[in-house]
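Beneath this line is the structure, given in structure tokens, with notes to follow.
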Amino acid sequence: MSVLLDVKNLQTHFISKKQTVKAVDGIDISIKKGETVALVGESGSGKSMTSLSIMQLVPSPGGEIVGGEVNFNGRDLLKLKEKEMRKVRGNEISMIFQEPMTSLNPVLTIGEQITEVLRYHKKMSKEQARRRAVELLKLVGFSRAEEMLKDYPHRLSGGMRQRVMIAMAMSCDPKLLIADEPTTALDVTIQAQILEFMKNLTHQFETAILLITHDLGVVSEVADHVVVMYAGQVVETSDVERLFDEPKHPYTQGLLNSIPAIEGEIERLQSIKGNVPLPDEMPAGCRFAPRCPKVFDKCLTSNPELIPQEQGRKVRCYLYEEGEDAV
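So the sequence shown is residues 7 to 333, counted in my numbering.
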């Protein structure tokens with residue numbers, strides 16, 4: 007499969023008179039057609055800001071993409087003018103935002119919001135857009151799609167609003183879907199439905215998905231590859247099976263160890279001590295060093311590069327500098 011999205015050395019900074027905060031600090035992500043790549047990490051790791059940078063929706067004033075490339079379908083999106091980028095958003099690349107209630111317009115009906123996208127990007131007539139809106143709502147599992155066109159967002163549950171957001175995102179048959187925490191705060195039944203729907207998208211339409219989440223259970227269900235982020239940087243990349251079987255970076259190991267086991271007796275859940283450092287308070291050396299159980303002197307003075315491993319994996323850790331496995 008050919009590469010659809012190739013992000014190289016992406017850097018997004020927030021600049022003020024007093025300081026420069028590196029929210030996204032040299033990110034590389036590659037996604038092929040029909041592939042699902044999960045971007046994983048705790049809150050504050052820079053996952054959502056990475057997605058906003060790809061879409062060129064960085065909060066302004068203050069936020070600025072200062073370097074890197076976002077190559078999509080043969081074009082560097084960072085070189086497009088805003089008018090050109092508006093044609094890409096919602097049409098070739100769609101995004102499901104983290105909170106569907108704030109993403110949907112409370113004063114417009116569901117039908118008005120879906121048909122607006124279709125009429126702008128696909129130049130459909132009002133009736134064509136209405137029929138397509140009904141099809142999309144049925145596609146995401148709504149049996150009373152006709153009646154739902156007249157509903158306002160406040161009348162829908164969280165899971166229903168999330169499915170409406172997916173319908174809107176898929177309305178123009180995008181090549182890439184960016185899903186930012188699409189199953190957060192949903193009950194397990196609705197979660198399962200949305201994950202199944204996302205898997206069907208990749209199989210039926212070859213839609214590539216960038217899935218942003220901190221839920222490793224969701225990752226194991228739908229992802230092909232995983233990119234683990236910490237403090238604005240990638241610390242490990244791997245295909246999903248090898249990551250779960252043999253996590254390399256101490257941070258990834260900590261994330262996996264903190265998942266409750268279904269079988270066996272556990273007296274106490276494991277956790278990673280401390281918190282993700284604030285973007286303006288990064289440690290001098292490895293950014294994970296203050297929380298790492300395997301830290302040694304070199305980690306405190308310099309930050310490692312991503313070190314290539316077998317089967318195309320990469321890990322940002324001095325324990326693998328000579329190609330030796332961590333103890």
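Positions of the beta carbon are idealized from the N, C-alpha and C atoms, including for glycine.
- Message: I'd like to confirm the pairing. Which residues does DSSP put opposite Thr-243 in its beta bridges?
- Response: Thr-243 is bridged to Val-233, Lys-320.
Pull the bridge partners of His-19 from the DSSP assignment, please.
BP columns for His-19 point to Lys-28, Glu-70.
Using the Cα positions of Glu-187 and Ile-218, report the straight-line distance between them to the nearest angstrom. When rounded, the separation of the alpha-carbon atoms in Glu-187 and Ile-218 is 6 Å.
Original post:
Alpha carbon to alpha carbon, how far is Thr-189 from Gly-74?
Top reply: Whole-angstrom Cα-Cα distance: 30 Å.
Cβ distance (whole Å) where Val-43 is taken to contact Ile-37 below 8 Å = That belief holds up - the Cβ atoms of Val-43 and Ile-37 are roughly 5 Å apart, short of 8 Å.
From which residue to which residue does the beta strand (DSSP E) around Leu-217 run? Residues 214-219.
request  = Pair every Cβ in the region 9-22 with every Cβ in the region 194-211, then say whether three or more of these pairs are closer than 8 Å.
outcome  = Short answer: they don't touch.
### Message
Using the three-state DSSP reduction, which class does Thr-189 fall into: helix, strand or coil?
### Response
DSSP places Thr-189 in coil when its eight states are reduced to three.
(message) Am I right that Ile-200 and Gln-168 are in contact with their C-beta atoms under 8 Å? What's the rounded C-beta distance?
(response) Taking C-beta atoms under 8 Å as the contact rule, Ile-200 and Gln-168 qualify, at a distance of about 6 Å.
According to DSSP, is Ser-100 helix, strand or coil? Here Ser-100 sits in strand by DSSP.
Going by the DSSP bridge assignment, what does Asp-12 pair with across the sheet? According to the DSSP secondary-structure assignment, Asp-12 is paired through a beta bridge with Ser-36, Asn-77.
task = Answer yes or no: do Ala-173 and Leu-145 have a C-beta to C-beta separation smaller than 8 Å?
result = One thing to note: Ala-173 has its Cβ within 8 Å of the Cβ of Leu-145.
Run through DSSP, which three-state label would Leu-63 get?
-> If DSSP states are grouped into helix, strand and coil, Leu-63 belongs with coil.
Write down the C-beta distance between Lys-205 and Val-228 rounded to the nearest angstrom, noting that I regard them as a contact closer than 8 Å.
-> Between Lys-205 and Val-228 the beta-carbon gap is near 6 Å, inside 8 Å, which marks them as a contact.
Within 10 Å of its beta-carbon, does Gly-223 have 16 or more other beta-carbons around it, so buried, or fewer, so exposed?
Exposed, by the Cβ-count rule.
Using 8 Å as the threshold, is the region 239-258 in touch with the region 54-72, meaning 3 or more CB pairs across them?
-> Taking 8 Å as the limit for Cβ pairs, the verdict is that the region 54-72 does not touch the region 239-258.
For this session: Would you please state the rounded distance, in angstroms, between the beta carbons of Asp-346 and Gln-239? I believe it to be under 8 Å.
Result: This structure leaves residue 346 out entirely; the chain is present only between 7 and 333.
Chain-order list of residues whose beta-carbon lies under 8 Å from that of Val-140 (same chain, five-residue window excluded): In its chain, beyond the 5 residues on either side, Ala-151, Glu-152, Leu-155 have a beta carbon closer than 8 Å to the beta carbon of Val-140.
Just verifying my parser: in three-state terms, what is the DSSP assignment at Asp-157? Note: Asp-157 maps to coil in three-state DSSP.
ask   = Leaving out the 5 sequence neighbours to the left and right, which residues in its chain are closer than 7 Å to Leu-142 when beta-carbon positions are compared?
value = Closer than 7 Å at Cβ, skipping near neighbours: Ile-120, Ala-173, Met-176, Ser-177.
Check your understanding: For Val-46, does the three-state DSSP call read helix, strand or coil?
Key -> DSSP places Val-46 in strand when its eight states are reduced to three.
*What's the call for Glu-202, buried or exposed, on a 16-neighbour Cβ count within 10 Å?*
Exposed is the label assigned to Glu-202, since fewer than 16 other Cβ atoms lie within 10 Å of its Cβ.
**OP:** Determine, using beta carbons only, whether Phe-78 comes closer than 8 Å to chain C.
**Re:** The chain labelled as chain C is not found in the depicted structure, where only one protein chain is given.
message = What does DSSP give as the partner residue(s) for Arg-95 in the beta ladder?
response = Paired residues: Ile-99.
Which class does Pro-314 belong to by DSSP, given the choice of helix, strand or coil? Here Pro-314 sits in strand by DSSP.
Return the chain-ordered list of same chain residues with a C-beta closer than 6 Å to the C-beta of Thr-258, the five sequence neighbours on each side being excluded. Taken in chain order, the residues that qualify are Val-234, Glu-242.
Going by beta carbon distance, what residues of the same chain come within less than 7 Å of Glu-48, once the five residues before and after it are set aside? When the five nearest sequence neighbours on each side are left out, the beta carbons in the same chain lying within less than 7 Å of the beta carbon of Glu-48 are those of His-220, Val-282, in order along the chain.
- Query: Could you give the C-beta distance for Lys-14 and Asn-79, rounded to a whole number, given that I count them as a contact under 8 Å?
  - Reply: With 8 Å as the limit, Lys-14 and Asn-79 do not qualify as a contact, their Cβ atoms being about 15 Å apart.
- When we look at the beta-carbon of Phe-302 and count the other beta-carbons within 10 Å, is it buried (16 or more) or exposed? With fewer than 16 Cβ atoms within 10 Å of its Cβ, Phe-302 is classed as exposed.
Per DSSP, Ser-182 forms a beta bridge with which residues?
Contrary to the premise, residue 182 reads as Leu rather than Ser in this sequence. DSSP output for Leu-182 lists Ile-99, Ala-214 as bridge partner(s).
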